[in-house]
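Protein chains in written order, with this note's numbering: chain A, 20 to 152; chain B, 305 to 413; chain C, 540 to 875. For each residue, glycine too, the CB sits at the ideal point set by N, CA and C.
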Amino acid sequence: MDFQSCVNIKKEWDIVGARQLGRDIAGKVGFGTVDQARIATAISELARNIYLYAGTGKVCFETIEEINQKGLIIIAMDDGPGIRELNQVMEDGFSTSGGLGAGLPGVKRLMDEFDIQSEQGNGTEIKVVKWLR
Amino acid sequence: MNLTIDITKQDRVTYVSLVGEVDAFTAPKLKESLLPETKEEGQTVEVNLQDVNYMDSTGLGVFISALKSTKEHNTELKLVQMQDRVYRLFKITGLTDIMDIDNTVRGGM
Amino acid sequence: MDTLKVELKNYKELMQEYIKTKDEQSLYQAEQFSKQSMQQNISPEEIINVHIEALQDLYPNMPDYIQSSLSFLLETMISYGMAYQEYQSLRERQLELKSEISVAANMQKTLLSTVKPERRDLDIGAISIPAKQMNGDYHHFVEDVDGTLGIAIADVIGKGVPAALCMSMIKYSMDSFPEMRMDPDVILGSLNRVVERNVDSSMFITMFYGLYDPENHTFNYSSAGHEPGYYYSKEKDEFEEINPSGLVLGVSSETTYHKYTREVAIGDMIILLTDGVTECRQGDRFIEQEEILEVIREYAHLPAQQTVEHVYKHFERLQDFQLRDDFTLIILRRNV
């Protein structure tokens with residue numbers, strides 16, 4: 020049932036590619052226009068973080084189809100420097116003040132589940148889930 | 305009320321000329337402009353207060369900061385042409401004894 | 540007026556009504572709708588989506604370019620929606636902080652509270668009113684077993700939380716001094732070292748410390764750059780400035796303070812205050828020292844507590860009931 024595909028993020032243009040693939044998959048899962056737009060925005064934020072702070076990485080998509088619920092998992096991973104102050108980047112008003120857009124708290128609000136793992140020097144992995152309602 | 309800060313440099317002397325009131329609203333701006341000037345070793349910072357008709361304790365705090373900074377960075381701070389009302393504040397707080405203050409132009413207390 | 544419920548699901552009817560009538564009433568309902576949507580945390584992109592769905596429903600043959608342009612609009616609204624939600628969460632946090640500050644203000648009040656002694660030999664009046672939520676002025680009375688009365692009056696520059704934290708530090712330092720009676724100059728010297736070590740460079744404190752000795756009827760005092768007080772001599776019927784020299788606390792660790800002594804006759808008054816009293820302004824005009832003394836003289840026949848309250852009310856009215864700075868006034872009068 021699982022369907023996995025990834026987009027490598029190396030240049031700014033790849034952000035668009037990731038959005039496009041994510042939106043297509045979301046549409047197939049059955050998400051409406053608004054949720055598709057939100058998912059695309061979340062992908063943008065995740066992919067832009069990779070492009071700006073890690074240099075390279077990838078964004079992967081996986082659909083969930085269980086008996087009683089359907090959903091979309093997005094995983095963004097990189098081998099960049101990692102995030103030292105996780106509690107700070109998850110705070111409202113922290114990254115936005117630097118003009119970076121919604122930042123990770125925004126991604127968390129756009130999606131239903133949010134998980135982040137990061138170690139200094141060992142990269143970052145962010146996993147988010149949106150459930151179809 | 306506002307505060308205008310004008311800074312000019314000549315050799316080893318920085319002339320800071322203030323016009324207006326130094327209070328809780330204008331003190332942060334003064335601190336931001338004045339403190340860096342006291343950090344260049346060997347420099348003398350001369351602040352002209354001829355056109356400052358009011359200063360409150362927050363303003364006094366800025367000059368205390370500046371004084372402490374001159375001691376750390378081996379610079380000098382001079383306050384000149386201070387008005388009587390402002391001079392009274394420096395006198396009461398005992399700062400006239402430890403600061404280089406010249407109020408001869410307008411007359412002292 | 541139409542009683543149509545202002546809800547997301549009624550958007551279509553509201554819009555249809557407006558397209559038909561183009562009247563102000565429908566627009567007023569649009570306003571109600573937008574307010575209620577905000578209360579229910581509905582993002583702008585959701586409203587646009589409802590708009591698109593309503594249009595599709597009402598006009599099934601809507602041209603493709605309108606459909607696409609609306610999808611484009613929806614996409615551009617996503618970030619505004621996120622910003623709005625962030626604003627909501629920051630606003631909640633601001634309310635939290637505000638209530639925390641008010642809890643802190645109450646704690647400060649309790650921490651710094653002092654009991655005005657009731658004595659047969661001295662009539663004491665004290666008033667301290669903050670200009671804002673937290674008081675940057677401080678006064679404290681300490682009585683010894685032998686009846687010696689210590690009075691501290693202080694003013695931290697700056698207001699709000701930093702000033703309050705600083706005051707609590709002073710209070711605890713004073714509480715930690717040995718039980719035995721200490722001279723004012725020694726107390727100020729110790730406090731100066733505490734403040735100098737622990738406080739930001741632009742912060743300082745002014746303090747006047749006085750000790751009344753009931754046996755010899757003397758008043759010993761020292762000042763760390765504090766606003767001068769006044770001494771009223773009943774015999775001469777004159778006020779005189781009490782202006783001991785001394786540097787404010789927290790500027791130089793090497794400073795020492797001098798102790799001054801004066802004899803207090805029956806009926807004499809000692810008046811201590813902060814610059815919130817002397818810096819009173821009537822419009823652009825500062826109040827002169829003579830005016831303060833005149834007002835005190837006017838009410839001096841009353842018990843000391845009533846005197847300070849009347850003086851406060853006088854200056855409060857003069858400044859249109861808007862204090863610019865914390866106001867503290869203490870009067871001591873020797874009865875016997």
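- The C-beta distance from C:Ala702 to C:Gly675 rounds to 4 Å, short enough to meet the 8 Å contact threshold.
- Of all residues in the segment 358 to 391 of chain B, only Asp360, Ser361, Thr362, Leu364, Gly365, Val366, Ile368, Ser369, Leu371, Lys372, Ser373, Arg389 place a beta-carbon less than 8 Å from a beta-carbon of chain C.
- Look at C:Met721 here: in three-state DSSP terms it is coil, with no helix or strand label.
- Taking 7 Å as the cut-off, the Cβ atoms of A:Thr143 and A:Ile102 count as close.
- In summary, B:Gly346 is exposed, with fewer than 16 beta-carbon neighbours lying within 10 Å of its beta-carbon over all protein chains present.
- In chain order, Val126, Leu129, Met130 place their CB closer than 6 Å to the CB of A:Ala61, counting only its own chain and leaving out the 5 sequence neighbours on each side.
- For B:Gly363, no beta strand (DSSP E) encloses it; the enclosing alpha helix (DSSP H) starts and ends at 361 to 377.
- A straight-line Cα-Cα distance of about 6 Å links C:His678 and C:Ala693.
- Around the Cβ of C:Pro599, a 10 Å sphere holds fewer than 16 other Cβ atoms; the residue is exposed.
- For A:Ala56, a Cβ of chain C is located within less than 7 Å of the residue's own Cβ.
- Taken in chain order, the whole beta strand (DSSP E) runs of length 3 or more contained in the segment 722 to 808 of chain C are 744 to 752, 757 to 763, 768 to 772, 777 to 781, 799 to 802.
- Within the segment 574 to 588 of chain C, Glu584, Glu585, Asn588 place their CB atoms closer than 8 Å to a CB of chain A, listed in sequence order.
- Using a Cβ-Cβ cut-off of 7 Å, B:Gly324 does not count as an interface residue toward chain C, since no Cβ of chain C sits closer than that to its own.
- Residue-level contact check: C:Leu629 touches chain A, since one or more beta carbons of chain A fall below 7 Å from its beta carbon.
- With contacts defined as CB atoms closer than 7 Å, A:Asp111 and C:Leu688 fail to qualify as a contacting pair.
- Residue range 843 to 857 is occupied by the alpha helix (DSSP H) that includes C:Val847.
- With the criterion set as a beta carbon lying under 8 Å from some beta carbon of chain C, the members of the segment 57 to 69 of chain A are Arg57, Ala59, Thr60, in sequence order.
- With at least 16 other beta carbons inside 10 angstroms of its own, C:Asp864 counts as buried.
- Around the C-beta of C:Ile805, fewer than 16 other C-beta atoms lie within 10 Å, and the residue is accordingly described as exposed.
- The beta-carbon separation of C:Tyr748 and C:Leu832, rounded to 23 Å, does not stay under the 8 Å limit for a contact.
- Annotation: B:Gly346 has no Cβ neighbours in chain C at a cutoff of 7 Å; minimum Cβ distance is about 21 Å.
- Rounded to the nearest whole angstrom, the C-alpha separation of B:Asn352 and C:Glu793 is 28 Å.
- Chain C has a Cβ within less than 7 Å of the Cβ of A:Val53.
- Taking one beta carbon from each stretch, the segment 783 to 802 of chain C and the segment 825 to 842 of chain C have fewer than 3 pairs nearer than 8 Å; the two do not touch.
- Excluding residues up to 5 positions away in sequence, Ile102, Ser114, Gly122, Leu123 lie with their Cβ nearer than 8 Å to the Cβ of A:Val108 in the same chain.
- When secondary structure is reduced to three states using DSSP, A:Phe133 falls in the strand class.
- Nearest CB-CB separation between C:Ser610 and chain B: not below the 7 Å threshold.
- In chain order, Gly101, Arg103 place their CB closer than 6 Å to the CB of A:Gln139, counting only its own chain and leaving out the 5 sequence neighbours on each side.
- When A:Val53, A:Arg57, A:Asp33 are compared, the shortest CA-CA separation from A:Arg67 is found for A:Asp33.
- Taking 7 Å as the upper bound on Cβ-Cβ separation, chain B lies near residues Ser784, Gly785, Leu786, Val787, Val790, Ser791 of the segment 782 to 803 of chain C.
- A:Asp97 sits in a strand when the DSSP states are folded into three classes.
- Sixteen is the threshold: since fewer than 16 other Cβ atoms of the shown chains lie within 10 Å of the Cβ of A:Gln88, the residue is exposed.
- For a Cβ distance threshold of 7 Å, residue set Ala56 of chain A lies close to C:Glu614, ordered along the chain.
- For B:Ile396, the chain C residues whose Cβ falls inside 7 Å of its Cβ are Gly764, Glu766, Pro767, in order along the chain.
- Residue contact check for C:Ser740 against chain B: a CB pair falls below 7 Å.
- At least one C-beta of chain B is nearer than 7 Å to the C-beta of C:Ile696.
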